[in-house]
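*Asks:* What follows is a single structure, and I will ask about it in a moment.
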Amino acid sequence: MITIIDYGMGNLGSVVNMIKKVGGKSIISSSKNEIKNAKKILLPGVGAFDNAVKNLKDLGLWDLIKEKVLVEKVPIMGICLGMQLLTKGSEEGELEGFGFVDAYTKKFRFKNNDLKIPHMGWNIVNLQKNSKLFEGMENQENRFYFVHSYAVECKDKNDILTTTHYGYDFVSSFEKKNIIGCQFHPEKSHKFGMALFKNFVEKY
Amino acid sequence: MLQTRIIPTLLLKNRGFYKGIKFKNHKYVGDPINTIKIFNEKEVDELVIFDIIASKENKEIDFDYLKEVVSEAFMPIGYGGGVKSVNDAKRLFAIGIEKVILNTSAILNPDLVKELVDIFGSQSVVFSLDVKKTFFGGKKVFIKSGTKNTKLNPLDVALLMEQLGVGEIILNDIDKDGTFSGYNLEMIREISSKLSIPLIASGGASKIEDFKLAIKAGAHACAAGSMFVYHMPHRAVVISYPKYEEIKKLLGE
């Protein structure tokens, strides 16, 4: 069972649909009592960084998620803004992120202003280390759908799971112990997203 | 690098998919949910769904049915047709639609465009620039699914929408729609050269080489309807979509 955190940032329907499609079970919740019992957490998110932090704190979920992830070591996957929240902070906001990963979220900057922001569309994700999340996908080109203006920079290169090229190579996903972040949207990336979610459902 | 998006356009009417010629004579081509399932298997980049009666007949958006359709789609979806308010957009995003596409309401109520952009961000607001030749005065912008002439010039409207903050513009040449005669490259060139936001070419695609021509002319993405639902020359209904490798090779990506 995957607990999808509902904190008012973006639509969760697509995530639920895809988890169901690959044979997983999920519940959407913003309730402390339910999330207390979560075995696996999914933190989606679209919108502004500070709003997200505020919403999670207002719902009383901030410290609870910290405890689940750091003490109970429950697997957590952050998607898009959800990934950025797992870092120490973002140039987009003033508030601190969870800081589960030694990383920081920065705005895309290009030397010649020839690339559009947001980075929107399908792009290739290049695997940087072995992971259960990409099991069975190692020998193929993996494409995912992106929409974002900010990207994560990892201090510890060992945390980088995949990189993607847009002007330069940025961290399109990281994985550190029980903590996973994906900048792309698996729920909108048909067969690639399904393969990834299937691994998250079955292997974590 | 980002890959060029090739986007099937599907027209929704009374819970069926239809296709017409020059925005008219719409014929039933299939069940939406089945069609979406086929497009999933074919790994399409993105889908656009237009409800062709919501705006014309001033109907409420069929949220319940859209929700069903979208729950089967595992790719980004843009929806247009009868989007009149922030609340409409909010409900569309809540059921899993990525982008709202405006036409009539953006022309009649430019403030709505601004409001949507402020709340949901440019990347989730698209303008559909529907253009048709008129007897006098050349190409003009049409609203209400191509039935009402605004007498406005396409380029002026494109620039206004960019200024209002939309993330991209779909350039729909109504005279080309369903004709299999290739995109209107001249118009793509003229409008895209003045815009800094992406332009999606639409209307007239018949073969994948047309995508290459449109991209060369300045389009950032290509939409097509008939080409993906009809098998020529007899317009037999066959859902198709080019293979990823084929597109990649064609566009040199």
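Those protein sequences? They're chains G and L, same order as listed.
For the first sequence, position 77 (counting from the first letter as 1) is numbered 76 according to numbering that gives the first Met the number 0, and the numbering increases by one without interruption.
For the second sequence, position 153 (counting from the first letter as 1) is numbered 152 according to numbering that gives the first Met the number 0, and the numbering increases by one without interruption.
Backbone N, C-alpha and C fix where the C-beta goes; we use that ideal spot for every residue, glycine too.
Note that this is a predicted model, so its numbers are computed, not measured.
1. From the DSSP output, which residues share a beta bridge with Asp50/L?
2. For Gly146/G, go through chain L and note every residue whose CB falls closer than 7 Å to its CB, in chain order.
3. What residue from Gly177/L, Leu159/L and Leu154/L has the CA that sits closest to Arg188/L's CA?
4. Whole angstroms are fine: how far does the CA of Gly96/G sit from the CA of Gln83/G?
5. Identify, in the order they occur along the chain, each residue of the same chain with its Cβ nearer than 6 Å to the Cβ of Gly224/L, setting aside the five sequence neighbours on each side.
6. Check whether the Cβ of Thr146/L sits closer than 8 Å to any heavy atom of the ligand SAH, and report yes or no.
7. Looking at Leu126/G: is its Cβ nearer than 9 Å to the Cβ of Asn141/G?
8. Alpha carbon to alpha carbon, what distance is there between Val112/L and Ala88/L?
9. Please list the segments of the alpha helix (DSSP H) lying wholly inside the stretch 125-202 of chain G, counting only runs of 4 or more residues, in order along the chain.
10. DSSP beta-bridge partners for Phe126/L?
11. Show which residues of chain G have a CB atom less than 8 Å away from the CB atom of Ser70/L.
12. For Lys156/G and Asp63/L, what's the separation of their Cα atoms in angstroms?
13. Taking 7 Å as the limit between beta carbons, can you name the residues of its chain near Val69/L, skipping five residues before and five after?
14. Could you tell me if Tyr27/L is buried or exposed, where buried requires 16 or more neighbouring beta carbons within 10 angstroms of its beta carbon?
15. Given Asn90/L, which residues of its chain have a CB within under 6 Å of its CB, disregarding the five upstream and five downstream residues?
16. Return yes when the Cβ of Ile190/L is within less than 9 Å of the Cβ of Ala220/L, no when it is not.
17. Taking contact to mean 3 or more Cβ pairs, one atom from each stretch, closer than 8 Å, check whether the stretch 68-87 of chain G and the stretch 164-184 of chain G are in contact.
18. Would you mind telling me which residues of chain G sit closer than 9 Å to Gln2/L, beta carbon to beta carbon, in chain order?
*Replies:* In terms of the structure at hand:
1. Here residue 50/L corresponds to residue number 51 of the second sequence, with the count starting at 1. Answer is Leu11/L, bridged to Asp50/L.
2. Position 147 of the first sequence, counting from 1, holds the residue named residue 146/G. In the sequence under discussion, the amino acid at residue 146/G is Val, which differs from the Gly named in the question. The contacting residues are Gln122.
3. Residue mapping note: residue 188/L aligns to position 189 of the second sequence, counting from 1. The shortest Cα separation from Arg188/L among Gly177/L, Leu159/L and Leu154/L belongs to Leu154/L.
4. Position 84 of the first sequence, counted from the start, is the residue given in the question as residue 83/G. Position 97 of the first sequence, counted from the start, is the residue given in the question as residue 96/G. Answer to the nearest angstrom: the Cα atoms are 8 Å apart.
5. Your numbering for residue 224/L matches position 225 in the second sequence. Within the same chain, Gly224/L has close Cβ partners Thr8 and Lys18.
6. Of the ligands one can find in the structure shown there are none, so the ligand SAH has no counterpart to examine.
7. Here residue 126/G refers to the residue found at position 127 of the first sequence. Here residue 141/G refers to the residue found at position 142 of the first sequence. Yes. Within cutoff.
8. If you number the second sequence from 1, residue 88/L lands on position 89. If you number the second sequence from 1, residue 112/L lands on position 113. When rounded, the distance between both Cα atoms is 11 Å.
9. 189-202
10. Numbered from 1 along the second sequence, position 127 holds the residue referred to as residue 126/L. Leu101/L and Ile168/L.
11. Here the question's residue 70/L lines up with position 71 in the second sequence. Neighbours of Ser70/L on chain G, chain order: Gly12 and Asn16.
12. Translated into positions along the first sequence, residue 156/G becomes position 157. Translated into positions along the second sequence, residue 63/L becomes position 64. Roughly 46 Å between the two C-alpha positions.
13. For the purposes of this step, residue 69/L is identified with residue 70 of the second sequence, where counting begins at 1. Result list for Val69/L: Ile76, Ile94, Gly95 and Ile96, in chain order.
14. Against the second sequence, residue 27/L aligns to sequence position 28. Classification of Tyr27/L: exposed, given that the 10 Å Cβ count is below 16.
15. As a working mapping, residue 90/L is identified with position 91 in the second sequence. Checking the sequence shown, residue 90/L turns out to be Arg, not Asn. Phe62.
16. If you number the second sequence from 1, residue 220/L lands on position 221. If you number the second sequence from 1, residue 190/L lands on position 191. Cβ atoms of Ala220/L and Ile190/L: not closer than 9 Å.
17. yes
18. Sequence index remark: in the second sequence, residue 2/L carries index 3 (1-based). Correct list: Gly120, Trp121, Asn122, Ile123 and Arg142.
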